[in-house]
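Colleague: For this note's numbering, count along the sequence shown from 1 and bump the result up by 1. Just so it is clear, CB atoms sit at the ideal spot from N, CA and C, and this is done for glycine as well. Keep in mind the model is a prediction, meaning the values are calculated, not measured. Have a look at this one.
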Amino acid sequence: MGDRPVRVLLVDDHEMVRRGLQAMLARYADDVVIVGEAGNIGDAERLVADLRPDIVLCDMRLGKESGLDLASSLLQRDPACTIVILTVYDDEQYLYQALRIGVSGYLLKRVDGAELVGHLLQAAEGHVVIDPLLAGRVATSAARLQAGEFWPGARLGLSQRESEVLALGVSGMSNRAIAARLVIGDETVKSHLSSVYRKLDVRDRAGAVAVALREGLFQ
């Protein structure tokens with residue numbers, strides 16, 4: 002970026018988080034500066050157009066909205082836009098979804114100031130940055146993929162357990178039967194199914210089963 006600091010637009014729906022990141026990065030003003038902040042997709046899109054930041058640093062969840070929806074919208078308008086996700090979600094399936102969209106980084110909120118600045122500088126130079134905790138899991142998943150051990154549903158963002166629950170649902174098993182088969186609680190099954198519905202953008206089990214059959218997830 003030459004001699005000037007990397008200009009960052011911060012997008013997070015929690016004001017306390019935005020204030021905390023502002024304070025954390027203030028000591029690194031020679032390298033990184035927050036030029037604006039937003040709490041929702043609409044404000045973020047307007048600020049990106051007005052401020053033209055070098056990086057959009059965005060949470061995964063923006064209230065009822067999704068940071069991935071923002072990333073997809075921004076990258077459709079400008080494929081060169083640099084977006085880094087900063088989130089508490091350490092599920093690698095969210096990482097895969099983000100990378101498929103074309104984000105330049107996926108970091109966890111456990112990162113400290115120096116680490117965050119280092120990652121942002123790398124992203125500004127065109128590198129893809131991934132939190133080390135998740136990078137190891139990605140390497141493991143890649144090895145499993147090479148060995149033909151990857152699970153159905155991974156390409157749609159489903160975790161291995163979510164895929165197992167959905168497969169049993171497709172077979173017609175009730176929540177209680179699924180819980181007994183997988184040796185988990187009924188509420189855990191409901192939680193996994195809710196996550197499946199959200200990721201597949203459907204309302205209920207019938208919708209999820211329809212997507213699974215249409216996509217040929219289970220033979």
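Is it buried or exposed, Gln23, if we count other Cβ atoms within 10 angstroms and call 16 or more buried?
Modeller: exposed
Colleague: For Cys59, which beta-bridge partners are listed by DSSP?
Modeller: DSSP lists Val12, Ile86 as partners of Cys59.
Colleague: Would you give the residue range spanned by the beta strand (DSSP E) that Val276 belongs to?
Modeller: Since the first residue shown for the chain is 2 and the last is 220, residue 276 is missing from the structure and cannot be characterised.
Colleague: With C-beta atoms as the reference, is Ile35 less than 8 Å away from Leu71?
Modeller: no
Colleague: Whole angstroms is fine: what's the gap from Gly158's alpha carbon to Ile102's?
Modeller: 12 Å
Colleague: Applying the criterion that 16 or more other CB atoms from any shown protein chain within 10 Å of the CB defines a buried residue, is Asp51 buried or exposed?
Modeller: exposed
Colleague: I believe Leu122 touches Asp4 by the beta-carbon criterion, under 8 Å. Please report the beta-carbon distance rounded to the nearest angstrom.
Modeller: Going by Cβ atoms, the distance from Leu122 to Asp4 rounds to 13 Å, so no, they are not a contact pair.
Colleague: Determine the closest residue to Ala124 out of Tyr90, Leu58, Glu188, with distance taken between C-alpha atoms.
Modeller: Leu58
Colleague: Would you call the CB atoms of Val12 and Val85 closer than 8 Å?
Modeller: no
Colleague: Rounded to whole angstroms, what's the CA-CA distance from Gly119 to Asp44? Just pull it up for me.
Modeller: For Gly119 and Asp44, the distance between alpha carbons rounds to 27 Å.
Colleague: Please report the distance separating the alpha-carbon of Ser164 from that of Arg28.
Modeller: 44 Å
Colleague: Report the rounded CA-to-CA distance for His64 versus Leu87, giving the unit in angstroms.
Modeller: It is worth fixing the name first, because residue 64 is Gly in this sequence and not His. Cα to Cα, Gly64 sits roughly 15 Å from Leu87.
Colleague: Whole angstroms are fine: how far does the CA of Leu10 sit from the CA of Val18?
Modeller: Note on geometry: alpha-carbon atoms of Val18 and Leu10 lie some 14 Å from one another.
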